[in-house]
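What follows is a short report on a single structure.
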DNA sequence: ATGGTAGCTGCGCTA
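In structure tokens, the structure reads:
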């Protein structure tokens, strides 16, 4: 399903990469790296080889001061982080200019978990990129599940704001949501898990039904595509995966969608994350 | 019903 988008345009430049201001392709990848310190060699190789224009990272598990900013800036990226000690933490890396960075999901002043940030990426079109790490929510029921559902309500409010502006916006990240049974290799194993409980899926469908387009499903109706494999019990070797990393697009962003794909090959490397990157290509 | 693995932290918690 992946196409050679941009090839025609690129040929006008005799094979050279066009300058950012003349491109009509903005590739945005969402990647839960499960610890930036442990994943730094994999992350740097990936930025060099796959070269996303924008990378939204989750679970950096680092405070802002501990983030390996210089190594990433050396590869041509602007770096914005929203970290905390030990857990969670998100970051936006961009080869294009970033403006109006905001940190935290509005709606609960008492929430101290670093799971959400936004920035405007200035390409041929300005795109509001919202990077999120939605709470896992296990065990359910319980206070962690209540926090997850409350967080999803607040995300819906934030999405409503972006829909009202009628600007192109992308809400991407680790949603910790298995939207449907075909998004799991063994759906029955997740039946009572916070990632797939009916209330979780109802909250997910409320997001999509308010007018957001799920990029992967807009391009591919088939099952068997996953973005996470548990480290335990040889889940990767058995392709016992789930699809929980998603891009949701406002209509103005969906109109720019050229492609969406999962970079499964990244799991083949040494010391992989338990997630792989999920990409969109926008005409922007 | 349990334990299997990984990362960060500091001998437990989160996933």
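Numbering (my numbering), first residue to last: 28 to 311. For every residue, glycine included, the Cβ atom is placed at its ideal position computed from N, Cα and C. Bear in mind the structure is a predicted one, so any value in this text is a computation, not a measurement.
Under the three-state reduction of DSSP, residue 72 is assigned to helix. The Cβ atoms of residue 263 and residue 302 lie no closer than 8 Å to each other.
In this structure, the CA atom of residue 121 is about 19 Å from the CA atom of residue 89.
DSSP, reduced to helix, strand and coil, places residue 174 within a helical segment of the structure shown. By the 16-neighbour rule on beta-carbons within 10 angstroms, residue 102 is exposed. In the structure shown, the three-state DSSP call for residue 279 is helix. As a beta-bridge residue in DSSP terms, residue 145 pairs with 129 and 157.
In the three-state DSSP reduction, residue 216 falls in the helix class (H, G or I). Between the stretch 194-208 and the stretch 273-291, the count of Cβ pairs shorter than 8 Å is three or higher; the stretches touch.
About 16 Å separates the beta carbons of residue 70 and residue 55, which is beyond the 8 Å limit, so they are not a contact pair. The Cβ atoms of residue 199 and residue 274 lie closer than 8 Å to each other. Exposure of residue 258 is indicated by the presence of fewer than 16 other C-beta atoms within 10 angstroms of its C-beta. Counted as a single uninterrupted DSSP element, the stretch harbouring residue 55 is not any alpha helix (DSSP H) but the beta strand (DSSP E) occupying residues 53-59. For the pair of segments examined, the stretch 77-92 was found to touch the stretch 100-118: the number of CB pairs separated by less than 8 Å reaches three. Taking the Cα positions, residue 203 is about 32 Å away from residue 151. According to the DSSP secondary-structure assignment, residue 288 is paired through a beta bridge with 306. Residue burial is scored here from C-beta neighbours: residue 266 has fewer than 16 other C-beta atoms within 10 angstroms and is therefore classed as exposed. Under the DSSP assignment, residue 99 falls in the alpha helix (DSSP H) whose first and last residues are 96-100. Residues 77, 303, 304 and 306 of the same chain have their beta carbon placed closer than 7 Å to that of residue 290, with the five preceding and five following residues left out of the count. Of the candidates 144, 173, 149 and 96, 144 places its Cα closest to the Cα of residue 185.
Across the structure, residue 271 and residue 201 are spaced so that their CA atoms are roughly 6 Å apart.
Our two residues, residue 65 and residue 240, have alpha carbons roughly 33 Å apart in a direct line.
For residue 224, the CB contacts under 7 Å within the same chain, skipping 5 residues up- and downstream, are 167 in chain order. Of the residues 58, 83 and 187, the one whose Cα lies closest to the Cα of residue 133 is 187. Assigned with DSSP and collapsed to three states, residue 111 falls in coil, not helix or strand. When rounded, the separation of the alpha-carbon atoms in residue 129 and residue 146 is 6 Å.
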